[in-house]
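Working notes for the structure below.
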Amino acid sequence: MYSTLADNNIYQGDSLKLIEQVDSESVHLILSDIPYGIGSDDWDVLHENTNSAYLGSSPAQKTTGAVFKRRGKPINGWSKADRDIPKQYQDWCSQWAPDWFRVLTPGANVLVFAGRRLAHRCICAMEDAGFNLKDNLAWIRDRAAHRAQRISVVYSRRGDTESAEQWQGWKVGNLRPTYEPILWFTKPYKIGTTIADNALKHGVGAYNENAYLRYVEEPENIIRGGLDKREGGQHPTQKSVRLMQALIELTTRSGHLVLDPFAGSGSTLVAAKTLGRRYIGFEAKPEYVVTCKSRLMSEIAF
């Protein structure tokens, strides 16, 4: 297969179609903040459930600001259609995972940000496509919004003061989402060889501890940090350039090709450019393609 896509570019369109134009065994790293399937926006609805509450909002949500302006789950229990959402997310991942496997060179890595609730479905799809799950990194954010509602307030509004008193201290929702998983997959190297052999032949397979220690205190599978004060506002689920740089330096060498099939605002591409890697990005939304191009043209990485 001959690639019609030039390096160091962002392409607008469906990543499922665009990746068909990428040469087999030509990519050294896929690093992507993939849609989590939790309804962050219309592009993050990856199931067939038409529950009217999904992406809706309540009066309480409207007072919390932009972070919780849309509902990611129904409010009146879980129907069968709701319970089908995880499997449908896995089916969606299974659409692109085989081509990801095809384009990677033997021993190459995939690092994807995934939502805590559905990450296991992404893992199943990737393993079915042939990948090995190498590790599950813990990204610890320095800021995480938390809006769990006190259940006693719900009872008080109903006039049920007895229940409100009994349920003091209990909340509806989740704990503060400080941790997010970064799933680390590898494409198996050829049978009969070693990682050391593969590193010499294909340039991938090992990890660069010295480079990684420029971003973390210890060579562990926990990485901390968030957006710089000047960096945010480009995308609802934006990740920091520094975070992407750490992951790129961990797994690739100068001149390697980094692919991001869900580029968003382009943090992966900017990080790759600043580190002397080649890059290709795909993004469905035209407005975010414009953002990517603007950030890539700027001398400032933000």
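If you read the sequence shown in the numbering used here, its first letter stands for residue 775, the second for the next number, and so on.
A virtual CB, placed ideally from N, CA and C, is assigned to each residue, including glycine.
This structure is a prediction, so every number in the text was calculated from the model and none was measured.
Would you grab the beta carbon distance between Val-1044 and Arg-1069 for me? Rounded to a whole angstrom, and I think it's under 8 Å.
Reading the sequence shown from its first residue, position 270 is the one you call residue 1044. Reading the sequence shown from its first residue, position 295 is the one you call residue 1069. Indeed they touch by this definition, with Cβ atoms about 5 Å apart.
Best match in Leu-1049, Arg-876 and Phe-1036 for proximity to Gly-1029 [C-alpha to C-alpha]:
Here residue 1029 refers to the residue found at position 255 of the sequence shown. Checking every option, the nearest Cα to that of Gly-1029 belongs to Leu-1049.
Please look up how many angstroms separate the CB atoms of Leu-803 and Thr-1025, rounded, as I've assumed it's under 8 Å.
Sequence index remark: in the sequence shown, residue 803 carries index 29 (1-based). Sequence index remark: in the sequence shown, residue 1025 carries index 251 (1-based). About 5 Å separates the two Cβ atoms, so the contact holds.
Is Leu-911 closer than 8 Å to Gly-811 when the C-beta atoms are compared?
As a first step, residue 811 must be located in the sequence shown, where it is residue number 37. As a first step, residue 911 must be located in the sequence shown, where it is residue number 137. Cβ atoms of Gly-811 and Leu-911: not closer than 8 Å.
Measuring only the C-alpha atoms, how far is Gly-966 from His-976?
Residue 966 sits at position 192 when you count from the first residue of the sequence shown. Residue 976 sits at position 202 when you count from the first residue of the sequence shown. Cα to Cα, Gly-966 sits roughly 15 Å from His-976.
Is the beta carbon of Trp-716 sitting closer than 8 Å to the one on Ile-808?
This structure cannot settle anything about residue 716, because the visible part of the chain is limited to 775 through 1076.
Please report the straight-line C-alpha distance between Glu-1005 and Ala-922, rounded to a whole angstrom.
Sequence index remark: in the sequence shown, residue 1005 carries index 231 (1-based). Sequence index remark: in the sequence shown, residue 922 carries index 148 (1-based). The straight-line gap from Cα to Cα measures roughly 27 Å.
Cβ shell of Lys-908 (< 8 Å), same chain only, five flanking positions each side left out:
The sequence position of residue 908 within the sequence shown is 134, counting from 1. Asn-883, Trp-958, Phe-959 and Thr-960, listed in sequence order.
For the candidate residues Ala-1020, Pro-1060 and Thr-968, whose alpha-carbon lies nearest to that of Asn-984?
Counted from its first residue, the sequence shown places residue 984 at position 210. The shortest C-alpha separation from Asn-984 is found at Ala-1020.
Distance, Gly-881 Cα to Ile-1022 Cα:
As a first step, residue 1022 must be located in the sequence shown, where it is residue number 248. As a first step, residue 881 must be located in the sequence shown, where it is residue number 107. Going from the Cα of Ile-1022 to the Cα of Gly-881 covers about 15 Å.
Beta strand (DSSP E) containing Ser-937: first to last residue?
Taking the first residue of the sequence shown as position 1, residue 937 is located at position 163. Run containing Ser-937: none in the beta strand (DSSP E); it sits in the alpha helix (DSSP H), 935-940.
Are three or more beta carbon pairs between the stretch 1049-1061 and the stretch 1030-1037 nearer than 8 Å?
With a cut-off of 8 Å, the stretch 1030-1037 and the stretch 1049-1061 count as touching, because enough Cβ pairs lie within range.
Residue from Cys-1066, Glu-1061, Tyr-1062 and Pro-1060 whose Cα sits closest to the Cα of Ala-1046
Numbered from its first residue, the sequence shown carries residue 1046 at position 272. Closest by C-alpha distance to Ala-1046, out of Cys-1066, Glu-1061, Tyr-1062 and Pro-1060, is Cys-1066.
In whole angstroms, give me the CA-to-CA distance for Asp-856 and Ala-888.
Residue 856 sits at position 82 when you count from the first residue of the sequence shown. Residue 888 sits at position 114 when you count from the first residue of the sequence shown. Rounded to whole angstroms, Asp-856 to Ala-888 spans 19 Å at the Cα level.
Among Gly-787, Ala-903 and Val-1032, which one has its Cα closest to the Cα of Ser-800?
For the purposes of this step, residue 800 is taken as residue 26 along the sequence shown, with counting starting at 1. Ser-800 has its Cα closest to that of Val-1032, out of Gly-787, Ala-903 and Val-1032.
Using 8 Å for Cβ pairs, my map puts Gly-943 next to Tyr-963. What's the rounded Cβ distance?
Position 169 of the sequence shown, counted from the first residue, corresponds to residue 943. Position 189 of the sequence shown, counted from the first residue, corresponds to residue 963. The Cβ separation is near 53 Å, so there is no contact.
Who are the near neighbours of Phe-875 in its chain, counting only those whose CB is closer than 7 Å to its CB and skipping five residues on each side?
The residue you call residue 875 lines up with position 101 of the sequence shown. Within the same chain, Phe-875 has close Cβ partners Ala-903, Gly-904, Phe-905 and Lys-961.
CB-CB under 8 Å to Asn-782, same chain, minus the five flanking residues each way: which ones, in chain order?
Residue 782 sits at position 8 when you count from the first residue of the sequence shown. The beta carbon of Asn-782 is closer than 8 Å to those of Lys-1047, Arg-1052, Tyr-1053 and Ile-1054 in its chain, skipping five residues each way along the sequence.
Name, in chain order, the residues that DSSP records as bridge partners for Val-946.
Translated into positions along the sequence shown, residue 946 becomes position 172. Gln-923.
Considering only C-alpha positions, which residue in the set Ala-919, Ser-1072 and Thr-935 is nearest to Pro-951?
In the sequence shown, counting from the first residue as 1, residue 951 sits at position 177. The candidate whose alpha carbon is nearest that of Pro-951 is Ala-919.
According to DSSP, is Tyr-1062 part of a helix, a strand, or is it coil?
For the purposes of this step, residue 1062 is taken as residue 288 along the sequence shown, with counting starting at 1. Tyr-1062 falls in the helix class under three-state DSSP.
How about Pro-860 and Arg-890: are their beta carbons less than 8 Å apart?
The sequence position of residue 860 within the sequence shown is 86, counting from 1. The sequence position of residue 890 within the sequence shown is 116, counting from 1. Cβ distance not < 8 Å, so Pro-860 and Arg-890 don't count as in contact.
Can you tell me where the alpha helix (DSSP H) holding Ala-882 begins and where it ends?
Here residue 882 refers to the residue found at position 108 when the sequence shown is read from its first residue. No alpha helix (DSSP H) holds Ala-882; the beta strand (DSSP E) holding it covers 878-887.
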